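These notes are about the structure you will find just below.
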Amino acid sequence: MTANLLDFDLAGLAVFCERLGEKRFRATQLFRWIHQKGASQFDEMSDLAKSLREKLKVTASIQGLDVTAQHISNDGTIKWLFDVGGGDAVEAVYIPEDDRGTLCISSQAGCVVGCRFCSTGHQGFSRNLTVGEIVAQLWFAEHFLRRRLGTEERVISNVVMMGMGEPLLNYEPLVRALRVMLDDHGYGLSRRRVTVSTSGVVPMMDALSQDCPVALAVSLHAPNNAIRDGLVPLNKKYPLGELLQACMRYLAFAPRDFITLEYCMLEGVNDSIENAQELVDLLRRADHGVHWCKLNLIPFNPFPASGLKRSPRSQVLAFAKILMDAGIVTTVRKTRGDDIDAACGQLAGDVQDITDVQKRMGRRRTIKLNPVLEFDRLATEGTVHG
Ligand code: SF4
Numbered sequence: 001m002t003a004n005l006l007d008f009d010l011a012g013l014a015v016f017c018e019r020l021g022e023k024r025f026r027a028t029q030l031f032r033w034i035h036q037k038g039a040s041q042f043d044e045m046s047d048l049a050k051s052l053r054e055k056l057k058v059t060a061s062i063q064g065l066d067v068t069a070q071h072i073s074n075d076g077t078i079k080w081l082f083d084v085g086g087g088d089a090v091e092a093v094y095i096p097e098d099d100r101g102t103l104c105i106s107s108q109a110g111c112v113v114g115c116r117f118c119s120t121g122h123q124g125f126s127r128n129l130t131v132g133e134i135v136a137q138l139w140f141a142e143h144f145l146r147r148r149l150g151t152e153e154r155v156i157s158n159v160v161m162m163g164m165g166e167p168l169l170n171y172e173p174l175v176r177a178l179r180v181m182l183d184d185h186g187y188g189l190s191r192r193r194v195t196v197s198t199s200g201v202v203p204m205m206d207a208l209s210q211d212c213p214v215a216l217a218v219s220l221h222a223p224n225n226a227i228r229d230g231l232v233p234l235n236k237k238y239p240l241g242e243l244l245q246a247c248m249r250y251l252a253f254a255p256r257d258f259i260t261l262e263y264c265m266l267e268g269v270n271d272s273i274e275n276a277q278e279l280v281d282l283l284r285r286a287d288h289g290v291h292w293c294k295l296n297l298i299p300f301n302p303f304p305a306s307g308l309k310r311s312p313r314s315q316v317l318a319f320a321k322i323l324m325d326a327g328i329v330t331t332v333r334k335t336r337g338d339d340i341d342a343a344c345g346q347l348a349g350d351v352q353d354i355t356d357v358q359k360r361m362g363r364r365r366t367i368k369l370n371p372v373l374e375f376d377r378l379a380t381e382g383t384v385h386g
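What the sequence shown shows, in this note's numbering, is residues 1 to 386, in sequence order.
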């Protein structure tokens, strides 16, 4: 069995090269070919000795994920469904904006946390993704988009680990994948522009602050434990008090001087004026002030199994006003990609349950994708548009 080089951060690739009897610096060349140039064939790597390329051909491969579907929204958002084998699929979403290109990627097939408002949570948990499977989403998207836009410049400037899964419950692969994203010889992303979003796995927040302190987003969604227990089951293990203390500890190592708090607005559940006031009190208590956080209010994207409703816009604005009057930086998330089910909490839109995925996988023709070589094929087949 050959090693998939997408599974290695640069340090791991150096060890691999040494085992092949090569100097460690060869790993840097190889790493650049893979991540900066999107190469998937060793013969493309013209500055590597032929003898090394021959060795690599028998010991290694660069194995991306198969894409089973691609949807392009009217607003330019692109969603890909990747086959990760065994009937499982994960999604990645690219969101273009004027000043940045953000890729939202998945860390697990399904999710064990089971948040009530999240369609992935209703799907159940299948397995953790490997380093290579996490990195492959970025590798594919970056080089596919460069090809699509006809540029050799970097297209993806921001990565958010907000796709399927709780990233901190797949910790070791997550950290190694983050290192590939941050490495100057890889994607060269700044720590401020890579965000891990967690539902509140407190011990792993502390670990991340030591191992790879990137920007942090926390799924808060409630002003008290009674409401949060019903929305984010993990709250019973790590209740709000512990979670906010972990946020304070993380701040000392974070690349930004704030933590983003996500709050999904659910009609009649967590969106009242009293809830907003209680939230202000909670956040003030955490640090005798509110400057340590930014609140991101998220319009809920309803799906039938949730039994929940989106808060009316007027309620969202009234809620936001109370937070802002208290000095809390508050944004209301724009929904993107609604027409292709790529909006927040809809990432499992195509994969509502594992059984359905298996059925669909059987019907769908899998497209074997190398991001560069296969662009033309997708374009010809009419799946690239917009
Ligand atoms: S919101 Fe995140 S942690 Fe909660 S179920 Fe969905 S994917 Fe899992």
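Glycine included, every Cβ here is placed at the ideal spot set by N, Cα and C.
Remember, it's a predicted structure, so these values are computed and weren't measured experimentally.
Any non-hydrogen atom of the ligand PLP closer than 6 Å to residue i Cβ
| i | result |
| --- | --- |
| residue 278 | The ligand PLP is not among the ligands present in this structure, which contains only the ligand SF4. |
Nearest-angstrom Cβ-Cβ length linking residue i and residue j, presumed shorter than 8 Å
| i | j | result |
| --- | --- | --- |
| residue 217 | residue 280 | Rounded, the Cβ-Cβ distance is 19 Å, inconsistent with contact. |
| residue 220 | residue 262 | 6 Å |
| residue 259 | residue 295 | Not a contact, Cβ separation roughly 10 Å. |
| residue 201 | residue 166 | 7 Å |
| residue 199 | residue 232 | 5 Å |
| residue 248 | residue 287 | 6 Å |
| residue 138 | residue 105 | 6 Å |
| residue 180 | residue 188 | In fact, because the Cβ distance is near 11 Å, the residues do not count as touching under 8 Å. |
| residue 213 | residue 253 | 4 Å |
| residue 135 | residue 6 | 5 Å |
Secondary structure of residue i, DSSP reduced to three states
| i | result |
| --- | --- |
| residue 199 | coil |
| residue 298 | strand |
| residue 71 | strand |
| residue 118 | coil |
| residue 212 | coil |
| residue 247 | helix |
| residue 330 | strand |
| residue 124 | coil |
| residue 17 | helix |
| residue 262 | strand |
| residue 132 | helix |
| residue 80 | strand |
| residue 286 | helix |
| residue 4 | strand |
| residue 273 | helix |
| residue 171 | helix |
| residue 151 | coil |
| residue 108 | strand |
| residue 281 | helix |
| residue 96 | strand |
| residue 91 | strand |
| residue 230 | helix |
| residue 102 | strand |
| residue 241 | helix |
| residue 162 | coil |
Local Cβ density within 10 Å of residue i, reported as buried at 16 or more and exposed below that
| i | result |
| --- | --- |
| residue 11 | exposed |
| residue 390 | With the chain represented from 1 up to 386, any question about residue 390 goes unanswered, as that position is not in the structure. |
| residue 9 | buried |
| residue 170 | buried |
| residue 268 | exposed |
| residue 97 | exposed |
| residue 91 | buried |
| residue 291 | exposed |
| residue 203 | exposed |
| residue 235 | buried |
| residue 175 | buried |
| residue 359 | Low local confidence applies: a pLDDT of 38 at residue 359 is under 50, so the model's placement there is unreliable, and no value is given. |
| residue 121 | buried |
| residue 223 | buried |
| residue 49 | exposed |
| residue 77 | buried |
Among the options, the one whose alpha carbon lies nearest that of residue i
| i | options | result |
| --- | --- | --- |
| residue 65 | 36, 174, 80 | 80 |
| residue 320 | 272, 146, 35, 136 | 272 |
| residue 301 | 117, 317, 214, 17 | 117 |
| residue 94 | 19, 49, 187, 141 | 141 |
| residue 225 | 215, 237, 188 | 237 |
| residue 20 | 54, 240, 39 | 54 |
| residue 314 | 182, 307, 297 | 297 |
| residue 119 | 49, 311, 307 | 307 |
| residue 132 | 163, 147, 177 | 177 |
| residue 265 | 229, 310, 164 | 310 |
| residue 145 | 251, 323, 102 | 102 |
| residue 82 | 270, 330, 164 | 164 |
| residue 333 | 270, 182, 323, 316 | 316 |
| residue 147 | 257, 276, 39 | 39 |
| residue 387 | 331, 35, 168, 324 | Residue 387 falls outside the range modelled here, since the chain spans only 1 to 386, and no answer is possible. |
| residue 18 | 42, 293, 56 | 56 |
* **Cβ pair count under 8 Å reaching 3, the stretch 58-76 against the stretch 98-112** => no
* Evaluate contact between the stretch 79-98 and the stretch 125-135, counting only Cβ atoms and requiring at least three cross-stretch pairs below 8 Å. => yes
* For the 8 Å Cβ check, are there 3 or more pairs between the stretch 150-158 and the stretch 7-24? -> no
* Asked: Are the stretch 157-171 and the stretch 190-207 touching, with three or more C-beta to C-beta distances below 8 Å?
  -> yes
* Meets three-Cβ-pair contact criterion under 8 Å: the stretch 55-62 and the stretch 28-44 -> yes
* Asked: Can you find at least 3 beta carbon pairs, one from the stretch 281-288 and one from the stretch 238-257, that sit closer than 8 Å?
  -> yes
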